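J.: Pasting a structure here, questions to come.
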Amino acid sequence: MNVWNIVDSSLVNEDREYQENRKAKDSWWPSEALGCRRRAYYDLTIGRDQGKAMDILGLYRTKAGNVLHSWFFAAVANSGAFDWVEEEWAFRTPVDGLEMPVSGRQDVRGQLKGSSTVTVIDLKTSFGQNIRNIRQAGWRAIHPHYLGQMLCYLAFGSADEVILAFLGRDDQYRCQFTLTLDDDGRVVVDGNRSRVSVESVVGRWQDAEKALQEKNAPERDFRAAIRDGEIVRFFQRQGKKFASDWQCRYCPYNEHCWADDLAKYRSGVNQEAFNDV
Ligand code: SF4
């Protein structure tokens, strides 16, 4: 008996079942605020059915993250720190200027004892350079993608503040930031104004909705490095490194999106795609 074959199959089957039961996309999700407009376009047109399934390493990575999240949120929700607390709170909010509402789910939200505000708790786990950057540069190293997600909880998910916690999976580094929205709709992190705003998030979604009406795939927001017909983490040329954005590496549509370059650079690298960098 090979136990890993059994576990691999169980993960693959679980993912297949999840994908089969997903309903068609009919709202914007916090996780795609500041995401790739073209990916959103593909979600709404060719659909995830035609995207690639996640590979086995990705499934393990996701499972490990989910297990950590469940444990973390149970510990927070059962801590007794709240006057009231809710888990898995779902929202669906119409937004001026957008065809589709914004919908999402907050893992834990509640009123901390003695507080009059609604606080959402969110966790991000990471490792390697990502978590070292947070350790060294603090709030400035928080990826805008995460700030966009938290902005949706604040602007469209009726939260007054978000406590965003980070955990290093390799070094167990732990820290947290408190996020609010200012009067201009900008995310403020521990008193510091970030560049992420309601305007920037809604504007991107408006672009994607316009592209959909015009049936025209938007420009790519991210880039894939291609070597010998494959999307790779990076390649080097003339002492310079050309790296794929992680958004492209993990995008289920990457082969569809980059089909022309994958064919063109069956041998060689797509350095030209980086010309304007
Ligand atoms: S492959 Fe990259 S550019 Fe293309 S849709 Fe996906 S994230 Fe966007």
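All residue numbers for the sequence shown refer to numbering that gives the first Met the number 0, where the first residue is 0 and numbers rise by one. For glycine and all other residues, C-beta sits at the position ideal for the given N, C-alpha and C. Predicted model only: the values in this text are computed from it and were never measured.
1. From aspartate 260 to lysine 240, what does the alpha carbon distance come to, in whole angstroms?
2. I'd like to check one pair, glutamine 205 with phenylalanine 221: are the Cβ atoms closer than 8 angstroms?
3. Sorted by chain position, which residues of the same chain lie with C-beta nearer than 6 angstroms to alanine 164's C-beta, five sequence neighbours on each side aside?
4. Given 7 angstroms as the limit, tell me if tryptophan 70 has its C-beta closer than that to any heavy atom belonging to the ligand SF4.
5. Going by DSSP, which residues form a beta bridge with aspartate 159?
6. Are the beta-carbon atoms of glycine 109 and threonine 118 separated by less than 8 angstroms?
7. Would you list the residues sitting across from lysine 239 in a DSSP beta bridge?
8. Taking the C-alpha atoms as reference points, what is the distance between methionine 99 and glutamate 86?
9. What's the C-alpha gap between leucine 58 and leucine 67?
10. When DSSP labels each residue in this structure, what does isoleucine 45 get in the three-state scheme?
11. Using C-beta distances below 6 angstroms, list every residue in its chain close to leucine 153, excluding the 5 sequence neighbours before and after it, in chain order.
12. Can you list, in chain order, the residues of its chain with a C-beta nearer than 6 angstroms to that of phenylalanine 71? Leave out the 5 residues immediately preceding and following it.
13. At a cut-off of 7 angstroms, would you count tyrosine 252 as near the ligand SF4, judging by its Cβ distance to the nearest heavy atom?
14. Please determine, among Gly64, Gln237, Ala242, the residue with the shortest C-alpha to C-alpha distance to valine 294.
15. With DSSP collapsed to three states, give me the class of alanine 262.
16. If I follow the unbroken beta strand (DSSP E) through threonine 124, where does it start and stop?
17. Would you report the Cα separation of leucine 10 and glutamate 16, rounded to the nearest angstrom?
18. Is any heavy atom of the ligand SF4 found at a distance shorter than 7 angstroms from the C-beta of glutamine 171?
19. Below 8 angstroms between beta carbons: does that hold for valine 84 and alanine 74?
T.: Put simply:
1. So the alpha carbons of these two residues sit roughly 18 angstroms apart.
2. Result no, Cβ atoms of phenylalanine 221 and glutamine 205 do not sit closer than 8 angstroms.
3. Leu122, Gln175
4. no
5. According to DSSP, aspartate 159 bridges with nothing at all.
6. A contact, by the Cβ cut-off of 8 angstroms.
7. Arg236
8. Using only the alpha carbons, I get a separation of about 25 angstroms.
9. 14 angstroms
10. coil
11. Residues of the same chain with a CB within less than 6 angstroms of the CB of leucine 153, apart from the 5 flanking positions on each side, are Leu180 in chain order.
12. Leu122
13. Relative to the ligand SF4, tyrosine 252 has its C-beta within less than 7 angstroms of a heavy atom.
14. No answer is possible for residue 294: the residues shown for the chain start at 0 and end at 276.
15. helix
16. 118 to 125
17. 10 angstroms
18. No; taking the cut-off as 7 angstroms, the Cβ of glutamine 171 has no heavy atom of the ligand SF4 nearer than that.
19. no
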